[in-house]
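> So the mapping is simple: our numbering equals the position in the sequence shown, first residue as 1, plus 15.
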Amino acid sequence: MTDSVTLYTNPMSRGQIARWMLEEAAAPYEQVLLDYGTTMKGADYLAINPMGKVPAIVHRGKVVTECAAICAYLADAFPQAGLAPALEDCADYYRWLFFAAGPVEAAITNTAMGFVLPEGRDRSAGYGSLDAVLDTLEQAVSGDAWICGDQFTAADVYVGSQVDWGLAFGTIPTRPAFEAYAARLRERPAYQRQKAIDNALIEQAQAATPA
């Protein structure tokens, strides 16, 4: 069975996270580009991901969806890239990977959508408050190292994507720790390759769209 990964994506989506991870892992892959209103909701793709959203990957006949899961899976599937820490060093890896997929994603999305927690209901929301989430996230990315110390891992791809996108779109406030972390991420060759690919695809799509 081929070891190539099939990436289902749209360049204007979280599929950028999966592509970045594939580039970091040096994994062989082919892309299948989907449109939001047509192929992403078509029967063929819904058989792969019933949610009708991207990204999804297929590897060795198995489907993986959800960006954090894709990052963690690819780190394990391509261990030669060194993107998953040893078991004895994985506490921070799992902690911050799931923190970004849970409280960070929920708090930022709710805030961006204008959802306001009723007074006194912070505990019911799970993430507490956006301020608490951002202060905690800041601790995770402070300093000159990565999430797991000196080793860059899949957790940095996922957490880093949240920080990088948040700064770009204004959903995460500018703070020195966030800016410094994002700057280190943007220097990575795999990040730059991913951006070049997806930006070119976005330009092609925009050029093909009637004015």
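From the three backbone atoms N, C-alpha and C, an ideal C-beta is built for every residue, glycine too.
Counting only runs that start and end within the segment 104 to 191, where is the alpha helix (DSSP H) found for 4 or more residues in a row?
The qualifying runs are 106 to 114, 120 to 127, 137 to 140, 145 to 156, 169 to 184.
> Under 8 Å: do the segment 81 to 100 and the segment 168 to 179 share three or more Cβ pairs, one atom per stretch?
They touch, by the three-pair rule.
> Q46: which of V20, V119, A127 sits nearest, CA to CA?
Here the question's residue 46 lines up with position 31 in the sequence shown. It is V20 whose Cα lies nearest to the Cα of Q46.
> With distances taken Cα to Cα, identify the nearest neighbour of V174 among M27, D18, W35.
The count along the sequence shown starts at 1 and reaches residue 174 at position 159. Comparing Cα-Cα distances from V174 to each of M27, D18, W35, the minimum goes to W35.
> I'd like the ranges of any beta strand (DSSP E) spanning at least 3 consecutive residues and lying wholly in the segment 16 to 49.
Fully enclosed beta strand (DSSP E) runs of 3 or longer: 20 to 24, 44 to 48.
> Which of the three DSSP states, helix, strand or coil, is assigned to K77?
Mapped onto the sequence shown, residue 77 falls at position 62. Three-state result, K77: strand.
> Is the beta carbon of L152 sitting closer than 8 Å to the one on T126?
Locating residue 152 in the sequence shown gives position 137, counting from the first residue. Locating residue 126 in the sequence shown gives position 111, counting from the first residue. Cβ atoms of L152 and T126: not closer than 8 Å.
> Buried or exposed: where does Y8 fall if 16 or more other Cβ atoms within 10 Å of its Cβ makes it buried?
With the chain represented from 16 up to 226, any question about residue 8 goes unanswered, as that position is not in the structure.
> For R138 and A147, I'd like the C-alpha separation in whole angstroms.
To locate residue 138, count along the sequence shown from 1; it is residue 123. To locate residue 147, count along the sequence shown from 1; it is residue 132. Straight-line Cα distance between these residues: approximately 12 Å.
> If distances are taken between C-alpha atoms only, which option among T24, P26, E38 comes closest to R203?
Within the sequence shown, residue 203 is the residue found at index 188, counting from 1. Comparing Cα positions, the closest option is E38.
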